[in-house]
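Enquirer: I have a structure here, written as structure tokens, and I will follow up with some questions on it.
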Amino acid sequence: MDEYLASAGFFNASVQRLSQAVRIDTTSSDDMENLPGNHSAWNHMYEFSRYLRDTFPLIHESLTLDRINTHGLLYTWQGRNASLHPIVFLAHQDVVPVQPETEDHWTHPPFSGDFDGIYVWGRGAVDCKSTLVAISEAVEQLLEAGYSLERTVILAFGFDEEISGNQGAKHIAKSLERRYGEDGVALLIDEGPGIFQPLRPGSSYALPGLAEKGYLDVEVVVHMRPGHSFMPPKHNSITVMAELIRKLEESPFQVQLDNTNPILDTILCLWQHEPMLSDMDWDLIKQIDKNITSGNDVFGRLAVFPPFTQPLIRTTQSLSIISGGLKANIVPERTSLIINHRTVHGTTVNDVKDHLTQAVNDFVEGFNGENHEKDFLKFIGWDQEDEDIGTISLRTRPGYIEPSPITPSSVDGTTPYSVLHGTIQALYGANITVVAPFVVPASTDSRHYNKLTKHIFRFSPGNDVADATDNQYESNAHRTDERVNMRGHVNAVRWYSTFIRNMDEAGLD
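Okay, so the sequence shown: first residue is 1498 according to the working numbering, each after it adds one.
Have a look at this one:
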């Protein structure tokens, strides 16, 4: 089987399978977030489940399929030894929308699934159809080879990860909790960081995500007196919001490192293996290693700092949606702004709210001082029903989550992390400089599965080490010209196949 997975025949067949998956439009959009799975808005998902049935016949003959909330697909490959905790592989069927005005900007049409000899192009090629297809290909080939499991393997494919996972992954996780109980699963693997070259070509790092940052959306509302545009006031809700935005942009969150944050281990590994870094910087890093309380100050003084780690050592704020005004000749009464926050470990949702409260209070005080009116503008606090004229209010949007629990990363003896670590090294060998823990800055379906296991890994294992752009951060996921390297995709199939067998032989419950 391993020879076949490395063959040209398998490569060509895999291209066809992934191309076909990308051609199926499985878009989920924000207005579908609260729609149950049996709503007609989800009917386009049926085509994808038919594709899976036709493409992977052995899976559908040998595994038990439970449909959860209509389009959640839960496959169970029952092992012989019921005393062993199962392993779970996650992926999601849905993709983010393609903005209509950008379709002409794509090198290949967004749902073409075109293959140019290196890449399969299209929306969802990386996020997350490559992962879903690779998992399915690995299981199909194990079945074809007659492999018989000791440990049960579960495939859990949600259908709304891009808009929260509340209809897909959340329901699937509840089903598995009823079946296996709390901590009833050995480990879980979801999409996440993979293998990439963060600092220099030829220096590849495998970075399995052991945790996720938290999430908080906040709505900022400015309410000012309306009127006719022939007599515009000095300030309206849009102009006040513009000045407030400048204040918020000038008030970023500071570096915050909790001593359990896996990104600290990542950075220490980078400095240990990167000769390009100066002795001065290495001395600073060693200060952090000895005394975590000095770390937040030290990081602000580093001369060389990998850009990709910046969002992982502080809470980020992204000013994402703004809305104000209805008509050109009306002075706008209400302007709103949505700010998306990804909270770093060691910071809570309440910490973020305190930060925003301070920033808005400072803005109001300065604004009123400039306008020589003490109460011209007021901050009325959080989650207020009323919006009076001349006020700023903040609202907590639903769906916020604290930073995730952190997966243990011990390699002493046989542990879930040591099996993952060893499988990476076995497949990629000397092509990998180091395997290091990482933090995922975004949210994945895995956030719904925290009760099932303490061992959650967010890791996309496919990589073509000869292609420095073959990684989650440069493959244009969610952007124009999304694509996946097919050599990397086939390596993912090989990795999943090997990992299943390694877990079957590992001395773990």
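Each residue gets a CB set at the ideal place from its N, CA and C atoms; glycine is no exception.
Mark Lys1710 as exposed unless 16 or more other C-beta atoms lie within 10 angstroms of its C-beta, in which case mark it buried.
Expert: If you number the sequence shown from 1, residue 1710 lands on position 213. Result: buried.
Enquirer: Could you say which of Val1593, Thr1813, Arg1831, Ser1815 lies nearest to Gly1456 if we only look at CA atoms?
Expert: Residue 1456 is absent from the model: the chain starts at 1498 and stops at 2006.
Enquirer: Given a threshold of 16 other Cβ atoms within 10 Å of its Cβ, counted over all protein chains shown, does Phe1727 qualify as buried or as exposed?
Expert: Counting from one through the sequence shown, the residue named residue 1727 turns up at place 230. Exposed.
Enquirer: Quick one: give me the first and last residue of the alpha helix (DSSP H) that Asp1851 is part of.
Expert: Taking the sequence shown and counting its residues from 1, the one referred to as residue 1851 is at position 354. 1846–1867 is the extent of the alpha helix (DSSP H) around Asp1851.
Enquirer: What distance in whole Å lies between the Cβ atoms of Val1861 and Ile1889, which are believed to be in contact at a cut-off of 8 Å?
Expert: For this step, residue 1889 is matched to residue 392 along the sequence shown. For this step, residue 1861 is matched to residue 364 along the sequence shown. Yes, Ile1889 and Val1861 are in contact; Cβ-Cβ is about 7 Å, under 8 Å.
Enquirer: In angstroms, rounded to a whole number, what distance separates the CA positions of Glu1674 and Gly1681?
Expert: As a working note, residue 1674 is residue 177 in the sequence shown. As a working note, residue 1681 is residue 184 in the sequence shown. Approximately 8 Å, taken between the alpha carbons.
Enquirer: Given that a residue counts as buried once 16 or more other Cβ atoms are within 10 Å of its Cβ, and exposed if not, what is Tyr1712?
Expert: Sequence index remark: in the sequence shown, residue 1712 carries index 215 (1-based). By the 10 Å Cβ count, Tyr1712 comes out buried.
Enquirer: At 3 residues or longer, what runs of the beta strand (DSSP E) sit wholly inside the region 1572–1601?
Expert: Every beta strand (DSSP E) of 3 residues or more that sits fully in the region 1572–1601 is shown, in chain order, as 1584–1589.
Enquirer: According to the Cβ coordinates, are Lys1871 and Gly1887 closer than 8 Å?
Expert: For the purposes of this step, residue 1871 is identified with residue 374 of the sequence shown, where counting begins at 1. For the purposes of this step, residue 1887 is identified with residue 390 of the sequence shown, where counting begins at 1. No, the pair does not count as a contact, with Cβ atoms beyond the cut-off.
Enquirer: How many whole angstroms separate the CB atoms of Thr1977 and Thr1920, which I take to be in contact at a CB cut-off of 8 Å?
Expert: Residue numbering aside, residue 1977 sits at position 480 when the sequence shown is read from its first letter. Residue numbering aside, residue 1920 sits at position 423 when the sequence shown is read from its first letter. The Cβ separation is near 34 Å, so there is no contact.
Enquirer: Compute the Euclidean distance between the alpha carbons of Thr1757 and Gly1569, then round it to the nearest angstrom.
Expert: Against the sequence shown, residue 1757 aligns to sequence position 260. Against the sequence shown, residue 1569 aligns to sequence position 72. Note on geometry: alpha-carbon atoms of Thr1757 and Gly1569 lie some 34 Å from one another.
Enquirer: List the residues that DSSP assigns as beta-bridge partners of Glu1830.
Expert: Against the sequence shown, residue 1830 aligns to sequence position 333. Paired residues: none, contrary to the question.
Enquirer: Could you check whether the Cβ of Ala1939 sits closer than 7 Å to any heavy atom belonging to the ligand ATP?
Expert: Absence of the ligand ATP is noted for the structure shown, with no ligands found whatsoever.
Enquirer: Report the rounded CA-to-CA distance for Pro1958 versus Ala1989, giving the unit in angstroms.
Expert: In the sequence shown, the residue the question calls residue 1958 occupies position 461. In the sequence shown, the residue the question calls residue 1989 occupies position 492. Looking at the two C-alpha atoms, the distance is approximately 5 Å.
Enquirer: What ranges does the alpha helix (DSSP H) occupy inside the region 1919–1994, keeping only unbroken runs of at least 4 residues that lie completely in it?
Expert: none
Enquirer: State the Cα-Cα distance for the pair Asp1762 and Ser1906, rounded to the nearest angstrom.
Expert: Here residue 1762 corresponds to residue number 265 of the sequence shown, with the count starting at 1. Here residue 1906 corresponds to residue number 409 of the sequence shown, with the count starting at 1. The alpha-carbon atoms of Asp1762 and Ser1906 are separated by roughly 10 Å.
Enquirer: Out of Thr1930, Thr1844, Thr1854, Trp1768, state which residue places its alpha-carbon closest to the alpha-carbon of Ser1901.
Expert: Here residue 1901 refers to the residue found at position 404 when the sequence shown is read from its first residue. Comparing Cα positions, the closest option is Thr1844.
Enquirer: Asn1649: which of Asp1528, Pro1583, Lys1850 sits nearest, CA to CA?
Expert: Walking along the sequence shown from the start, residue 1649 turns up at place 152. Inspection of the sequence shows that residue 1649 is occupied by Thr rather than by Asn. Per the Cα distances, Pro1583.
Enquirer: Where DSSP assigns a beta bridge to Asn1837, which residues make up the other side?
Expert: Within the sequence shown, numbered from 1, the residue matching residue 1837 stands at position 340. Paired residues: Asp1714, Ser1815.
Enquirer: With distances taken from CA atoms, which of Ala1505, Tyr1548, Arg1550, Ala1631 is nearest Arg1991?
Expert: Taking the sequence shown and counting its residues from 1, one reaches residue 1991 at position 494. Arg1991 has its Cα closest to that of Ala1631, out of Ala1505, Tyr1548, Arg1550, Ala1631.
Enquirer: Any beta-carbon of chain D closer than 8 Å to the one on Arg1577?
Expert: The structure shown contains no chain D; it holds only a single protein chain.
Enquirer: Using three-state DSSP, classify Asp1883 as helix, strand or coil.
Expert: Your numbering for residue 1883 matches position 386 in the sequence shown. Three-state DSSP puts Asp1883 in coil, outside helix and strand.
Enquirer: Go through its chain and collect everything with a Cβ distance to Thr1561's Cβ below 6 Å, but skip five positions before and after it.
Expert: Position 64 of the sequence shown, counting from 1, holds the residue named residue 1561. Thr1573, listed in sequence order.
Enquirer: Please confirm if the region 1585–1597 is in contact with the region 1961–1968, defined as three or more CB-CB distances below 8 Å between the two stretches.
Expert: The answer is no - the region 1961–1968 does not touch the region 1585–1597, with fewer than three Cβ pairs under 8 Å.
Enquirer: I'd like the ranges of any beta strand (DSSP E) spanning at least 3 consecutive residues and lying wholly in the region 1503–1567.
Expert: With a minimum length of 3 residues, the continuous beta strand (DSSP E) runs that stay inside the region 1503–1567 are 1561–1565.
Enquirer: Taking Cβ to Cβ, would you say Val1932 is nearer than 8 Å to Pro1759?
Expert: Within the sequence shown, residue 1932 is the residue found at index 435, counting from 1. Within the sequence shown, residue 1759 is the residue found at index 262, counting from 1. The Cβ-Cβ distance between Val1932 and Pro1759 does not fall below 8 Å.
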